[in-house]
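Just below is one structure, and these are the notes that go with it.
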Amino acid sequence: MTLATDDAAAHVTRLWDDDILPVLHDYIRIPNVSVAYDAGWAEAGHMAEATELLRQWCQRHADDGLEGATVEVHEIEGRTPVLLVDVPPAGGGDADDTVLLYGHLDKQPPFTGWRDGLGPWEPVVDGDRLYGRGSADDGYSTFSAVTALEAVRAAGGSHSRCVILIEASEESGSPDLPDHLEALGDRLGTPSLVVALDSWCGDYDRLWITTSLRGLLDMTLRVEVLTEGVHSGSAGGVVPSSFRVLRSLVSRLEDERTGELLLRELHADIPDHRLRQIAATASELGDFADRYPFAGDTRPERPTTEQVLIARTWQPALEVVGIDGAPPPAEAGNVLRPSTAVKLSIRVPPTADPVVAADAVERRLTADPPYGATVTVQRGSAEPGWHAPPEVPWLGRAIEAASLTAFGQGPRSLGEGGTIPFMGMLGRQFPDAQYVITGVLGPESNAHGPNEFLHLPTARKVTTAVAHILDAHACRTR
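Numbered according to the working numbering, the sequence shown spans residues 136 to 613.
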């Protein structure tokens, strides 16, 4: 490596403390909820406002610290925008060897349950934590990517041509991204390295590399038994309950006693080396289930950390994330309701085929409906998972050195249960690329839920680590 370690760390710290935090506060205040949760996103203008805020910050840094960089908002009618920062090589890096750095700027809905003094759209710094929706998922990523490149240059290092791509529909399954990629054509080049800043970390003590991501099926199941509601005293025992029918259909997919999913298309074999990786890491994470805010005497489905890690990375899981057709209890009259609909979120293993899985789910739900009820399945996204290719020696050494330099401890690698649709797209398009998937979503950070926070020391250290990896990439053939 050619990087002056102290200079790189000092540059990152200065920018985070003096320049990034005020803009990140402004970003948190913008309620730019992802397109799947806000049909009027374009008219509301929040996504455009957030994109412009980040564009202006990136342009300022292109003018001051990243000589030659271009900043662009790529727009397609009816689609959320993409922010692109194209940075030429520095320090002898290769203009024909591209690194792609990825993040997103759209946000999950606000959700309920924020503790007193906190809220989704008001930034609050409490010690090392910056609270607010989108702080860690994934507002920090734009700042981290640009700052890492600046740190390389400020510390006398090298980097190849880098393209920063920040999309605005990831939280909806990236439905708008394929159109952008098609329109961009070969402008992204052929990346030899992809750095994604939208993942988790097992703790805040080291650099964590994500080795796999689960896929995601998004489906709405609706059961109709009447054309209108009827007095339950008149219809109860005669008209089948739409909820009971729906419940029986969900049981075709899931054993309600254990949570095990029953369709073989929702499962995949777990590679032996990933099982060994999980076993080696489990002992360092303590009782992983303690990280979840269980209510009362609720206990986890798996008794050991190793089993928990396997379940959340390589096994399928189903959750009903939304219900329609039922009023809140305080407003519920004695009516046998005409219909019930639920939105199903099904996580599938990294190597499972999401389209095959979705086909199997739809067939199972709609076959031979109880009582002849009208059963419909509306399919949303079917996003593939991602499984990292074998790590080449130079990258393994670079990750080790970057973690030791930035955190003072060696890195760890593990799968993650969430989904980054772009990684599946890239894996198919650029099978020879190497990947560094990392992030700041550590214990209690609670992305998508209440009290989301960004652990600020980790954000700085991840930024510094990325700078070292970019320098190592540029120097690998020298």
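Ideal Cβ positions, reconstructed from N, Cα and C, are used throughout, including at glycine.
- Of all C-beta pairs linking the stretch 180 to 199 to the stretch 328 to 344, fewer than three are shorter than 8 Å, placing the two stretches out of contact.
- Looking at G520, V571, S304, G457, the one whose alpha-carbon comes closest to that of V483 is G520.
- Apart from the 5 residues on each side of it in sequence, A452 sits with its Cβ closer than 6 Å to the Cβ of R482 in its chain, given in chain order.
- Nearest neighbour of G291 by Cα position, chosen from E441, D142, I534, turns out to be D142.
- Annotation for V571: L328, V329, V330, A331, I344, L530, I534, V601, I604 place their beta carbon closer than 8 Å to its own, counting only its chain and skipping 5 residues before and after.
- Separation of the CB atoms of T540 and T140 is rounded to 6 Å, and the pair is thereby assigned contact status at 8 Å.
- Contact annotation: T554 and V575 have beta-carbon atoms that are not nearer than 8 Å.
- The beta-carbon separation of R250 and N586, rounded to 6 Å, stays under the 8 Å limit for a contact.
- As computed with DSSP, T475 is found in a beta bridge with V358.
- For R268, there is no enclosing beta strand (DSSP E), as DSSP gives it neither H nor E.
- In terms of Cβ geometry, R437 and V147 do not form a close pair [threshold 8 Å].
- DSSP places E187 in the helix class (H, G or I) of the three-state scheme.
- Nearest neighbour of D261 by Cα position, chosen from R613, V597, T598, F588, turns out to be F588.
- A straight-line Cα-Cα distance of about 11 Å links D390 and L398.
- For V477, same chain residues with a beta-carbon under 6 Å away, outside a window of 5 residues either side, are L356, V455, I458 in chain order.
- Fewer than three pairs of CB atoms, one per stretch, sit closer than 8 Å, so the stretch 261 to 273 makes no contact with the stretch 313 to 327.
- Per DSSP, I572 is one residue of the beta strand (DSSP E) stretching across 569 to 576.
- Under the DSSP definition of a beta bridge, W521 partners with L348.
- Across the structure, G238 and A461 are spaced so that their CA atoms are roughly 37 Å apart.
- A straight-line Cα-Cα distance of about 45 Å links L312 and V365.
- Contact check for V360 against P375 passes: the beta carbons are separated by less than 8 Å.
- According to the DSSP assignment, T233 belongs to the beta strand (DSSP E) that extends over 233 to 239.
- Around the beta carbon of G559, 16 or more other beta carbons lie within 10 angstroms, which makes this residue buried.
- Taking C-beta atoms under 8 Å as the contact rule, A517 and L352 qualify, at a distance of about 5 Å.
- Ranked by how close their Cα comes to the Cα of E207, the residues H408, L218, G267 have L218 in first place.
- Approximately 45 Å separates the beta-carbon atoms of A493 and S293; this is outside 8 Å, ruling out the contact.
- Around the beta carbon of P464, fewer than 16 other beta carbons lie within 10 angstroms, which makes this residue exposed.
- Separation of the CB atoms of G213 and S295 is rounded to 34 Å, and the pair is thereby denied contact status at 8 Å.
- Using a Cβ distance threshold of 8 Å, S474 and V358 count as a contacting pair.
- In this structure, R532 sits away from T416, with a CB-CB distance that is not shorter than 8 Å.
- S334 has G574 as its beta-bridge partners, per DSSP.
- Counted as a single uninterrupted DSSP element, the alpha helix (DSSP H) harbouring R149 occupies residues 140 to 150.
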